[in-house]
């Protein structure tokens with residue numbers, strides 16, 4: 001056996017277990033959903049082929065339109081903020097606080113990640129309450145008038161974004177921290193000898209090395225943000241009006257409240273295509289930067 | 001790194017203050033949750049007069065509820081197995097994807113990534129249909145296998161670059177068998193990221209509610225989240241009790257995280273990554 | 001050699017998984033007895049004397065003895081209740097006897113999942129049930145109402161009303177407005193009325209919209225199942241609600257409130273619409289209640305949840321027996337005392353709950369109305385509630401709310 005073939009066989013063996021699982025529990029269901037999206041399927045009776053009906057209907061549905069708009073807006077608002085915040089905090093912790101205090105702060109910032117969405121949503125509803133909510137009490141203390149956080153069309157989506165960032169930052173912070181800790185210290189020492197400031201060290205050494213991790217954080221951030229559901233469902237239920245409905249909420253309602261599995265799957269396919277397009281754009285962006293370097 | 005050598009500029013003090021502020025925002029809601037669990041409130045607003053820190057009855061009800069211990073054991077089994085299998089399977093795959101060349105590598109990895117993009121609400125019904133046809137509902141298998149997905153592969157792959165190819169080559173030249181290269185060289189090097197995968201898998205699996213609810217119909221198979229959801233009744237809700245349940249359920253992953261975090265730091269100190 | 005080891009590891013892993021799945025499987029008993037599955041949601045207060053599971057298992061022991069059968073009880077949490085039923089029905093793993101609420105009926109009937117139970121009941125038995133007719137849906141008896149209660153009422157803080165010079169709880173639309181104005185004038189630091197328009201779930205409609213809507217003479221759907229909210233009566237009701245907000249009788253914070261009981265308990269709101277059982281949680285305040293009469297009708301929402309028999313049930317006779325047993329006077333009165341206080345559902349049972357509601361349940365039964373069964377009900381309620389929220393924020397007019405909701409229903413939900 002040539003070396004190349006041997007390596008290929010080894011590679012296949014390494015990925016085989018995961019491939020089998022992903023094939024059965026992810027790929028097959030995706031194809032099934034794809035098939036259902038062309039049918040009228042109420043889950044109890046056999047699916048009935050209806051061609052593109054679900055898709056046609058979907059593009060005329062004002063709920064789907066608003067949901068798509070809100071979902072995109074949500075992604076645009078949360079992903080950059082949580083990525084930057086996680087990176088800054090991780091860099092600061094790694095630079096200045098590789099000690100017990102730093103460890104403690106890291107633990108504390110990870111707490112929101114551990115809590116279930118139900119717990120987080122419930123508690124934040126109280127904090128964001130217009131009357132007597134914790135946040136408005138603080139605003140009032142600084143003589144700023146109360147904000148109707150969850151009850152107004154201008155701020156309901158924003159409030160969900162804030163909570164989402166709060167909940168996600170801790171996790172991405174840990175990933176970044178692991179990445180920064182992996183950077184060889186000699187690089188920094190050499191830079192110091194050359195007289196680089198800490199900001200220069202950060203932009204010239206840390207950032208480029210962390211690029212695969214940034215790619216990971218951004219990609220996961222985008223994928224998860226597109227799937228926003230739990231928090232929005234618990235905190236506003238999509239209201240007031242359609243101001244905080246999201247695509248997955250639409251999918252959920254269609255499947256489990258209206259028993260229209262076909263329609264839900266069509267929406268899911270639409271969501272999938274949207275995520276793929278954004279992912280391709282993201283790839284181009286990351287590739288370009290790599291070449292420019 | 002020695003702390004004393006560091007320069008504390010105005011800039012970094014400002015950073016520290018921000019850090020502490022953010023940390024406070026992170027922890028405050030949970031302090032609220034913990035305090036709430038010492039009340040008997042039927043609404044979610046906290047009133048000073050309701051709080052009684054010596055009154056542990058809410059916790060007693062939660063812990064003493066029939067089926068609680070069983071649900072706790074179920075949750076622990078499910079979480080332990082999913083963390084273990086996820087780490088083994090994902091690190092193998094990530095190693096295969098980065099360090100071994102084989103035809104179709106990039107395409108297959110793309111497909112892996114694609115599977116992360118579809119929301120769980122959509123795949124749940126098809127997966128349920130399959131599980132049910134295979135007679136696997138009401139088993140630990142069904143509860144565990146659903147947690148394993150491409151996320152871990154993606155996560156570890158991005159960290160595999162820190163494993164130097166030269167090291168693997170050198171080991172091979174020395175006649176080290178392939179499986180030992182993987183177990184004795186690669187695994188220790190990616191320990192920090194494995195720990196973050198464990199933490200993540202733990203949290204996902206521990207907090208999962210919808211899948212355990214639909215895939216189990218036998219109350220002896222309920223996980224903790226499902227068992228705790230039975231505390232809620234339709235019209236009258238004792239939020240103190242709900243919050244006591246949430247606090248109990250929250251404590252397990254939290255203690256685990258604090259423990260692993262220590263490991264995490266030591267893992268970095270011991271591994272060759274430091275350079 | 002390397003490959004062998006990896007394969008070994010894999011094998012070991014698979015075997016371990018297999019073992020785990022094996023030991024997790026519940027053994028089915030081979031006693032040859034008839035078996036029934038019974039699904040019931042949670043009602044017992046978590047700190048009550050029995051849990052739901054204990055209560056029903058205790059009751060089923062008696063039934064099993066009498067009928068030489070086995071009943072498997074499963075208590076279903078309210079969270080994601082519909083998903084649980086949906087996956088159950090889909091996998092033929094649904095219960096023989098289950099518990100559905102009104103919004104769920106249309107789809108299960110449409111799927112052909114439910115049985116008509118009329119033939120299993122004698123006329124005498126039917127007469128004994130107070131709400132048997134509520135279970136008659138689309139001309140067939142698909143449901144046996146089991147929990148009929150929690151009528152929505154207007155609850156008032158009598159001390160505040162007295163301060164404002166009002167002696168009794170308002171009973172008509174005009175009286176409500178007058179009382180609100182009086183409170184606004186005489187007790188300015190109290191909200192005259194509070195409503196939970198900030199709720200994330202459309203369930204609030206049952207307290208703050210449908211009773212008013214029915215009071216104006218509105219009907220949600222006509223006999224053919226067409227949506228009839230965009231009518232003069234509907235508009236009158238919607239405008240009335242809107243005017244409460246416009247005239248400052250309903251505070252701005254109502255658009256974000258998700259629990260009107262809270263300000264009422266604290267004495268910050270003079271009146272609220274709420275479920276009767278919620279009023280009982282208010283202990284420090286001197287309250288009284290009424291059912292508000294509209295210009296046309298006096299109707300208020302009442303929750304009506306029913307037992308159903310699934311078609312896949314093999315022994316329907318036995319399942320019907322189980323339904324009768326569960327709704328019998330003995331089981332129900334025990335359920336009402338030990339698990340959840342609810343009004344009686346049979347005429348041979350007597351009301352044992354709170355004194356103050358004795359009159360309500362004894363004499364006002366004909367003012368209770370439950371929701372109709374029609375296609376896409378829960379999505380319609382969701383859409384309507386969201387549009388009404390926009391109206392309360394001043395972003396839609398009452399006319400637009402009803403028109404938009406009806407249009408959306410006819411194009412997307414029907």
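Chains as they are written, first to last, in UniProt numbering: chain A, 1 to 293; chain B, 1 to 275; chain C, 1 to 414.
From the three backbone atoms N, C-alpha and C, an ideal C-beta is built for every residue, glycine too.
Note that the structure is predicted; figures quoted are calculated from it, not measured.
Kindly list the residues whose CB is nearer than 7 Å to the CB of residue 204/B, restricted to its own chain and excluding five residues on each side of it in sequence; keep chain order.
147
Return no unless some Cβ of chain B is closer than 8 Å to the Cβ of residue 344/C.
no
Counting only Cβ pairs nearer than 9 Å, list the residues of chain A close to residue 45/B.
126, 129, 132
Please list, in chain order, all residues of the same chain as residue 294/A whose beta carbon is under 7 Å from its beta carbon, the five residues on each side excluded.
The displayed coordinates of chain A run from 1 to 293. Any statement about residue 294/A would go beyond what the structure contains.
Residue 157/B to residue 194/B span [Cα, whole Å]
11 Å
Determine, using beta carbons only, whether residue 253/C comes closer than 8 Å to chain A.
yes
Of all the options 159/B, 58/B, 247/B, 97/B, which has the alpha carbon lying nearest to the alpha carbon of residue 189/B?
159/B
Please tell me whether residue 178/B has its Cβ less than 8 Å away from any Cβ of chain E.
The structure shown contains no chain E; its protein chains are A, B and C.
Three-state secondary structure (DSSP) at residue 70/C?
strand
Between the stretch 352-367 of chain C and the stretch 89-98 of chain C, are three or more C-beta pairs nearer than 8 Å?
no
What does a CB cutoff of less than 6 Å around residue 156/A pick up in its chain, not counting 5 residues either side in sequence?
150, 236, 243, 244
Report the three-state DSSP secondary structure of residue 114/C (helix, strand or coil).
strand
Alpha carbon to alpha carbon, how far is residue 43/A from residue 30/A? Give it in angstroms, no decimals.
16 Å
Where the stretch 281-297 of chain C meets chain B: residues whose CB sits under 7 Å from a CB there:
281
For residue 426/C, three-class secondary structure by DSSP
This structure leaves residue 426/C out entirely; chain C is present only between 1 and 414.
Taking DSSP as the reference, what is the three-state secondary structure of residue 338/C?
helix
Would residue 247/B pass as an interface residue toward chain C - the criterion being a Cβ-Cβ separation below 8 Å?
no
Measuring CB to CB, does residue 36/A end up less than 8 Å from residue 262/A?
yes
If I measure Cβ to Cβ from residue 313/A and keep anything under 7 Å in the same chain, skipping five residues before and after, which residues do I get?
What is shown of chain A runs 1 to 293, which leaves residue 313/A out entirely.
Give a yes or no on whether 8 Å exceeds the smallest Cβ distance from residue 59/B to chain A.
no
Counting Cβ pairs closer than 8 Å, one from the stretch 264-275 of chain A and one from the stretch 128-144 of chain B, do we hit at least three?
no
Mind checking residue 249/C: buried by the 16 CB within 10 Å criterion, or exposed?
buried
Entirely within the stretch 60-143 of chain A and at least 4 residues each: give me those alpha helix (DSSP H) ranges in chain order.
62-96, 100-114, 117-127, 134-141
Go through its chain and collect everything with a Cβ distance to residue 94/B's Cβ below 6 Å, but skip five positions before and after it.
153, 156, 157, 160
Beta carbon proximity, residue 198/C to chain A, threshold 8 Å:
yes
For the alpha helix (DSSP H) containing residue 390/C, name the first residue and the last one.
377-392
Would DSSP call residue 211/B helix, strand or coil?
helix
Cutoff 8 Å: residue 238/B Cβ touching any chain A Cβ
no
Any C-beta of chain C under 8 Å from that of residue 75/B
no
Leaving out the 5 sequence neighbours to the left and right, which residues in its chain are closer than 8 Å to residue 85/B when beta-carbon positions are compared?
144, 148
In angstroms, rounded to a whole number, what distance separates the CA positions of residue 266/A and residue 224/A?
19 Å
Chain B beta carbons: is any one of them nearer than 8 Å to that of residue 106/A?
yes
Cβ pair residue 311/C, residue 113/C closer than 8 Å
yes
With DSSP collapsed to three states, give me the class of residue 188/C.
coil
Evaluate residue 124/C with the Cβ neighbour count: other Cβ atoms within 10 Å of its Cβ, from every protein chain shown; 16 or more gives buried, anything less gives exposed.
exposed
Can you name the residues of chain A whose CB is closer than 8 Å to the CB of residue 212/B?
Result: empty, since nearest Cβ-Cβ is about 12 Å, beyond 8 Å.
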